[in-house]
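Taking my numbering, the leading residue of the sequence shown gets 595, the next gets one more, and so forth. From the three backbone atoms N, C-alpha and C, an ideal C-beta is built for every residue, glycine too. Fair warning: this is a prediction, and the values are worked out from it, not measured in the lab. Read through the structure below, which is laid out as structure tokens, and then see the notes.
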Amino acid sequence: GTFTLTANYSGDDHFLPSNIVEQHAVTKIASSTTILSDNPDPSKVGEAITITFQVAGGYGTPSGEVTVTVAGEGVSCKGMLTGVTSKCEITLNDPGTFTLTANYSGDDHFLPSSAVAVHTVIGEPVTPSASLFLPLVVRK
595 GTFTLTANYS
605 GDDHFLPSNI
615 VEQHAVTKIA
625 SSTTILSDNP
635 DPSKVGEAIT
645 ITFQVAGGYG
655 TPSGEVTVTV
665 AGEGVSCKGM
675 LTGVTSKCEI
685 TLNDPGTFTL
695 TANYSGDDHF
705 LPSSAVAVHT
715 VIGEPVTPSA
725 SLFLPLVVRK
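What follows is the structure in structure tokens.
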């Protein structure tokens, strides 16, 4: 925000009194988000992937939430920062190469930031299984 700073000097035997009033703007600090790991990488289809991330600032400790999304998959997870790091878990059910984006939403003191990493999933796609019931025929 913007603050008004006022300095007053009452004077002495040699100098007259004076004062000055200035506006001072305080802005949020830039943050930097990093995806530290996405383990295991590569992962297998249907295997849980733990994504560890950090958010750092030039001064102080950012707080709040980071959301990790997987481009084009509609999959995401969230983690609250504890210190400057956190983690969350996702599962992908198709093989391929995916872009992970960690988005820090910012807080009262820090600006938002984001990071991108690539993750590989190997294996066959998960398909729904059908149960097959056959009648049991007993012959004498």
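Start and end residues, beta strand (DSSP E) containing residue i
i: G673; result: 669 to 674
i: H608; result: Premise fails: H608 is in no beta strand (DSSP E) and is neither H nor E.
i: T693; result: 690 to 698
i: L542; result: The displayed coordinates of the chain run from 595 to 734. Any statement about residue 542 would go beyond what the structure contains.
i: A601; result: 596 to 603
i: G651; result: 642 to 651
i: A665; result: Neither: A665 is in no beta strand (DSSP E) and is coded neither H nor E.
Classification of residue i by the beta-carbon crowding that lies within 10 angstroms, buried from 16 upward
i: V620; result: exposed
i: V660; result: buried
i: D701; result: buried
i: V710; result: exposed
Cβ distance (whole Å) where residue i is taken to contact residue j below 8 Å
i: T627; j: V649; result: 5 Å
i: V712; j: T693; result: 6 Å
i: T714; j: P636; result: 4 Å
Own chain partners of residue i with C-beta closer than 8 Å, once the 5 adjacent residues on each side are dropped
i: S708; result: T627, T695, A696, N697, Y698
i: E718; result: V639, P689
Cut-off 7 Å between Cβ atoms - residues of its own chain near residue i, not counting five sequence neighbours on either side
i: A642; result: E683, T685
i: H738; result: For residue 738 there is no data in the structure shown, the boundaries of the chain being 595 and 734.
Neighbourhood of residue i by C-beta distance below 6 Å, restricted to the same chain and skipping five residues each side
i: T646; result: L630, S631, K681
i: L705; result: K622, A624, S625
i: G651; result: I623, S625, F704
i: F597; result: H618
Practice problem: Pair every Cβ in the stretch 610 to 618 with every Cβ in the stretch 663 to 672, then say whether three or more of these pairs are closer than 8 Å. | Solution: no
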